[in-house]
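This report refers to the structure that appears directly beneath it.
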Amino acid sequence: MNFEVCATNIQSALAAQRAGAHRIELCSALDVGGLTPSMGLVRAARASGIPVHVLIRPREGDFCYTEAELAIMLDDIRLCRLAGAAGVVVGALTPEGLLDMPKMRAMRAAVKGFEMTCHRAFDFTPDPEEALEQLIEMGFDRVLSSGQSNSAFEGRFALKKLVEQARGRMAVMPGAGINAQNIRQIAEFTGAKDFHFTGKRKVFASGVRNIPGLEAWHWESEVETIGEIIKAVV
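Residue 220 in our numbering sits at position 214 of the sequence shown; the count goes up by one each step and never skips.
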């Protein structure tokens, strides 16, 4: 099995490495679903020795991007290569919720020599079976999905169907709400071999008061929680 930790800072990246995770999905702004992190953070996480896959998402909100936003994403992919990332995590949709094939193909063409994951934009598609085949045809390595539900546990029936449809041609990676209490059941029911989770906790700054929009806390993944999740299923 492969375990991917979603990390938003260097502390989380180091915790993932120490706990035995196989790779990191590195992002920022987790509270809005994740945005592209700084290249400084990518380089620092890369130095930890664990493979780093970088989220390519230029803004919060939907996944319908303009040509100007696509240009930014393509430039970020180039910078990730220079920073030593092992892969990128992307997704783009049309206003109807279909995979935006021209933009997806453009990003696929920009990814040479490292891995590519489709993020949870996939969960908005009206026909996930068709979208899965499109990703396979484009050569994606994996898709992150909650089975189009609020959590991977709730979406386990859809995830099982996707794993069976993929037949090993690409990895279907459950994510969203995975913890030590449910990962074994999700794994055994769906047959998935890749799993995505944060293992995070809130870290508060001592003695610093909160100001609206400037909260004195942040998320960090912790070694103990990540280790508990991994041990629950291996």
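Built from N, CA and C at the ideal position, the CB exists for glycine as well. On a predicted model such as this, the values are computed, not experimentally measured, just so you know.
DSSP-derived helix/strand/coil call for residue i
i	result
Leu-220	strand
Glu-31	strand
Lys-237	helix
Thr-196	helix
Gly-46	helix
Val-214	coil
Val-169	helix
Ala-123	The sequence shown places Thr at residue 123, not Ala. Thr-123 falls in the strand class under three-state DSSP.
Val-117	coil
Phe-130	helix
Phe-201	strand
Glu-143	helix
Arg-52	helix
Ile-184	coil
Ala-164	helix
Ala-112	helix
Glu-66	coil
Gln-154	coil
Proximity winner among the options, relative to residue i (alpha-carbon distances)
i	options	result
Thr-204	Glu-230, Leu-105, Ala-222, Arg-173	Glu-230
Glu-121	Val-94, Phe-9, Glu-143	Val-94
Glu-10	Val-239, Phe-201, Asn-216, Ser-227	Phe-201
Arg-175	Lys-167, Glu-143, Ala-211, Asn-216	Glu-143
Ala-164	Lys-206, Ala-92, Asn-185, Gly-197	Gly-197
Ile-62	Leu-47, Ile-78, Phe-128	Ile-78
Lys-208	Met-7, Leu-36, Asn-8	Leu-36
Leu-20	Arg-114, Glu-226, Gly-153	Glu-226
Ser-152	Glu-136, Gln-171, Pro-180	Pro-180
Ala-127	Gly-67, Ile-217, Glu-234	Gly-67
Phe-130	Arg-162, Val-214, Gly-97	Gly-97
Gly-145	Ala-116, Asp-82, Ala-182, Gln-154	Ala-116
Cys-12	Gly-161, Cys-86, Lys-206, Arg-65	Lys-206
Ile-235	Pro-218, Met-7, Asn-185, Ala-50	Asn-185
Val-149	Gly-161, Ser-155, Leu-168, Glu-160	Leu-168
Arg-65	Cys-33, Ala-89, Gly-119	Cys-33
Thr-100	Gln-17, Leu-76, Gly-119	Leu-76
Span of the beta strand (DSSP E), counted from its first residue to its last, around residue i
i	result
Glu-10	8 to 13
Leu-150	148 to 151
Leu-61	58 to 61
CB contact check: residue i to chain C, cutoff 9 Å
i	result
Ala-74	No chain C is part of this structure, which consists of one protein chain only.
Bridge partner(s) assigned by DSSP for residue i
i	result
Ala-177	Arg-148
Arg-207	Glu-226
Gly-93	His-59, Glu-121
Leu-99	Leu-105
N-terminal and C-terminal residue of the alpha helix (DSSP H) that residue i is part of
i	result
Leu-105	Counting along the chain, Leu-105 falls outside any alpha helix (DSSP H), and DSSP gives it neither H nor E.
Glu-75	73 to 89
Leu-247	For residue 247 there is no data in the structure shown, the boundaries of the chain being 7 and 240.
Ser-18	16 to 25
**OP:** Determine, using beta-carbon pairs with one atom in the region 37 to 48 and one in the region 102 to 110, whether at least three such pairs fall under 8 Å.
**Re:** no
Original post:
Just checking, does the region 49 to 68 make contact with the region 26 to 39 on the three C-beta pairs under 8 Å criterion?
Top reply: yes
Subject >> Inter-stretch contact (C-beta, 8 Å, three-pair minimum) for the region 132 to 146 and the region 106 to 115 >> reply: yes
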